[in-house]
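Everything on this sheet refers to the single structure shown next.
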Amino acid sequence: MSIYLRQIALVAEKLAPVIDDLKAVFGLEVCFVDKGVAEFGLENSLLPVGTNFIEVVAPIRDNTAGGRYLKRRGGDGGYMVICQCDSHQTQLARRARALSLGIRIAWEHESDAYHVIQLHPADTGGSFFEIDWDAKGEPQGNWGPAGGSGWPAAKRTDVIKAYTAVELQSPDPERLARRWSDITEIALRKDSAGRLELPLANATVRFVEATDGRGEGLGGIDVVVADRKRLLDAAERHGRRVSDNQAMICGVRFYLL
Numbered sequence: 160m161s162i163y164l165r166q167i168a169l170v171a172e173k174l175a176p177v178i179d180d181l182k183a184v185f186g187l188e189v190c191f192v193d194k195g196v197a198e199f200g201l202e203n204s205l206l207p208v209g210t211n212f213i214e215v216v217a218p219i220r221d222n223t224a225g226g227r228y229l230k231r232r233g234g235d236g237g238y239m240v241i242c243q244c245d246s247h248q249t250q251l252a253r254r255a256r257a258l259s260l261g262i263r264i265a266w267e268h269e270s271d272a273y274h275v276i277q278l279h280p281a282d283t284g285g286s287f288f289e290i291d292w293d294a295k296g297e298p299q300g301n302w303g304p305a306g307g308s309g310w311p312a313a314k315r316t317d318v319i320k321a322y323t324a325v326e327l328q329s330p331d332p333e334r335l336a337r338r339w340s341d342i343t344e345i346a347l348r349k350d351s352a353g354r355l356e357l358p359l360a361n362a363t364v365r366f367v368e369a370t371d372g373r374g375e376g377l378g379g380i381d382v383v384v385a386d387r388k389r390l391l392d393a394a395e396r397h398g399r400r401v402s403d404n405q406a407m408i409c410g411v412r413f414y415l416l
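Quick note on numbering: this note's numbering labels position 40 of the sequence shown as 199, and the sequence is numbered without any gaps.
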């Protein structure tokens, strides 16, 4: 049974400025725009990072879930942790496990090719936790939310090569970590700094104390850097450089490894 981190979603007041920052600072390109998210009052763009994706969504009408989330967290920030299971059986087992823990399903859609399960963030804590299944079973290839298998044409790795962790912050990170561990039935471990983390098949979910005044949420992403000078120079020009080891885009801390 394997669960892969496949996509991280960010939410922004306005889409274009964040996409411009991701392109300029990290050298990324848009691979897919999903018109279907208009159903939820959103627009989006996806950008490949290695074999995974960063998605940015923004409200295009009032009173959307994304808009309410922006208000709760005081502006742009992290939104969803989206995972891919190695089989439909694995995914359905996670669904049953979540329901047994009293966790509500916020949205679900199933077809022959793809099955989406979004768990309610009020029950999971931290962020939306989406656990999906793609019939082609290619955790480094075909991905329904990115339009299928054509996304590698937009893949760029000359500035950043991959992301290896997503960071969830909370006033009680241990409680949050144990909740996600209960859902996935994956044992927690500690990293070299003593922080709890959930090891997925290709990345980790790290749990830290919320210290930025924004409360619980998705606060950081670890990225593997290929060209640090180019990245930092661009981050400086765009006002996104925090330090030699960190940039801030869309209210999210990008830790530069």
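Even glycine gets a Cβ: it sits at the ideal position worked out from N, Cα and C.
{"Check": "For His274, which residues does DSSP report across the bridge?", "Outcome": "Glu269 and Trp292"}
{"Check": "Can you check which of these residues, Ile213, Gly186 and Ile219, is closest to Val196 by C-alpha distance?", "Outcome": "Ile219"}
{"Check": "Locate the alpha helix (DSSP H) running through Ala175, then write down its first and last residues.", "Outcome": "Leu174 to Phe185"}
{"Check": "Which first and last residues belong to the alpha helix (DSSP H) in which Pro280 is found?", "Outcome": "Pro280 to Thr283"}
{"Check": "State whether the region 372-391 contacts the region 322-336, with contact taken as three or more CB pairs (one from each stretch) at a distance under 8 Å.", "Outcome": "yes"}
{"Check": "For Thr363, report the span of its beta strand (DSSP E) as first-last.", "Outcome": "Thr363 to Glu368"}
{"Check": "Report the partner residues of Trp302 according to the DSSP bridge assignment.", "Outcome": "Gly307"}
{"Check": "How long is the line joining the alpha carbons of His268 and Gln277, rounded to whole angstroms?", "Outcome": "9 Å"}
{"Check": "From the DSSP output, read off the bridge partner residues of Phe191.", "Outcome": "Leu205"}
{"Check": "Tell me whether Asp341 sits in a helix, a strand or coil according to DSSP, three-state version.", "Outcome": "helix"}
{"Check": "Taking DSSP's pairing of strands, which residues face Val170 in a bridge?", "Outcome": "Val216 and Gly236"}
{"Check": "Smallest Cα separation from Glu198: which of Gly225, Tyr238 and Ile213?", "Outcome": "Gly225"}
{"Check": "Using the DSSP secondary-structure output, state which residues sit across from Arg348 in a beta bridge.", "Outcome": "Glu356"}
{"Check": "Who are the Cβ neighbours of Asp386 in its own chain at under 7 Å, not counting the five residues just before and after it?", "Outcome": "Asp317 and Val318"}
{"Check": "The alpha helix (DSSP H) with Thr249 in it runs from where to where?", "Outcome": "His247 to Ser259"}
{"Check": "Along the alpha helix (DSSP H) that carries Asp386, what are the first and last residues, could you check?", "Outcome": "Per DSSP, Asp386 belongs to no alpha helix (DSSP H) and is neither H nor E."}
{"Check": "Does the distance from the C-beta atom of Ala257 to that of Tyr322 stay below 8 Å?", "Outcome": "no"}
{"Check": "Would you identify the three-state DSSP class for Arg227, choosing helix, strand or coil?", "Outcome": "helix"}
{"Check": "Is Val424 helix, strand or coil when you go by DSSP?", "Outcome": "Nothing can be reported for residue 424: it is not among the residues displayed for the chain, which extend from 160 to 416."}
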